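> Dropping a structure here in structure tokens format, bear with me for questions.
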Amino acid sequence: MKLVGVSLLALAVVLAFPRPSPAQNQTARGTVSSVAGDSISVNVGGKEMKFTVDPKTMVTAAGAGTKARAAAAAGQPGPKLNELLKAGEAVLVTYTAMGSMMHASAIQVVTSAGPGGGSVSTEKPAAAAAPASRNADGVVKSVSPTSLTITSSGKDMTFALDQSTRVVGTGAGTKTAAAGGRIVITDLVATGNRVAVSYTESAGSMKATEVRVTSAK
0 MKLVGVSLLA
10 LAVVLAFPRP
20 SPAQNQTARG
30 TVSSVAGDSI
40 SVNVGGKEMK
50 FTVDPKTMVT
60 AAGAGTKARA
70 AAAAGQPGPK
80 LNELLKAGEA
90 VLVTYTAMGS
100 MMHASAIQVV
110 TSAGPGGGSV
120 STEKPAAAAA
130 PASRNADGVV
140 KSVSPTSLTI
150 TSSGKDMTFA
160 LDQSTRVVGT
170 GAGTKTAAAG
180 GRIVITDLVA
190 TGNRVAVSYT
200 ESAGSMKATE
210 VRVTSAK
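What the sequence shown shows, in numbering that gives the first Met the number 0, is residues 0 to 216, in sequence order.
This is the structure in structure tokens:
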């Protein structure tokens, strides 16, 4: 059985189920109980869920393309919901909860309602991408426990430092061990040292992840 998706308004036929926008982050899988002009009721694991639809709701079902073309030929804006879906069909509904109302952005006919007669799930938000690491090298102009300023190609660059900032240099391991594993960067990096800095940038601030001393004064 070939499934074709159509908007209840648009006349164009699409062959792929559309990816919901970030705001439409919930899905319900179940069996259609009833279909009205502006809503659909679905039995999801024994629970009745009613979804509103509008002309932008995308419906993916068998024969949708043919019905869309027929509606276009008749001068109609698109097939009606009850012409695409019927009671007893298993569907996957992508929807947004707005208070007590649930609006369906997409409805897809599927082969079964799944285990237990259906289920509801919420999409997890995409993890934020880690800031890209960058590199800079230059001569230390000033250093404190919380910041490092270097002069690189005639330009001053200031980096924030914290306990996660790694410092690499001759004798750094020995000095850190002698201090019981806790040492401040000013004991390892001095004004005039040439350093290579790995850093990330976020909201206009540069955070040093590693400071490597490449040569002393």
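Quick reminder that beta carbons are idealized off the backbone N, C-alpha and C, glycines included.
Keep in mind it's a predicted model, so treat the numbers as computed, not measured.
Closer than 6 Å by C-beta to Arg165: which residues in its own chain qualify, once you throw out the five before and the five after it? Chain order, please.
Glu209
> Can you tell me whether Arg28 is buried or exposed, with buried defined as 16 or more other CB within 10 angstroms of its CB?
buried
> Beta-carbon within less than 6 Å of Ser20's beta-carbon, same chain only, minus the 5 sequence neighbours each way: which residues are those?
The predicted position of Ser20 is uncertain, since its pLDDT is 44 and thus under 50; a value taken from the coordinates is nonetheless stated next. Within the same chain, Ser20 has no close Cβ partners at all.
> So, at 6 Å on beta carbons, what are the nonlocal neighbours of Asp136 in its own chain, with the 5 sequence-adjacent residues on each side left out?
Ala195
> Exposed or buried, Ser104, counting other C-beta atoms within 10 Å across all chains shown (16 or more means buried)?
buried
> Identify, in the order they occur along the chain, each residue of the same chain with its Cβ nearer than 7 Å to the Cβ of Ala60, setting aside the five sequence neighbours on each side.
Leu2, Leu83, Leu84 and Val108
> Got a sec, what are the start and stop residues for the alpha helix (DSSP H) Leu84 sits in?
Counting along the chain, Leu84 falls outside any alpha helix (DSSP H), and DSSP gives it neither H nor E.
> If we ignore side chains and look at the alpha-carbon of each, how far apart do Ala112 and Thr51 end up?
20 Å
> Are the CB atoms of Thr110 and Ala89 nearer to each other than 8 Å?
yes
> Would you mind stating whether Ser118 and Val43 have Cβ atoms separated by less than 8 Å?
yes
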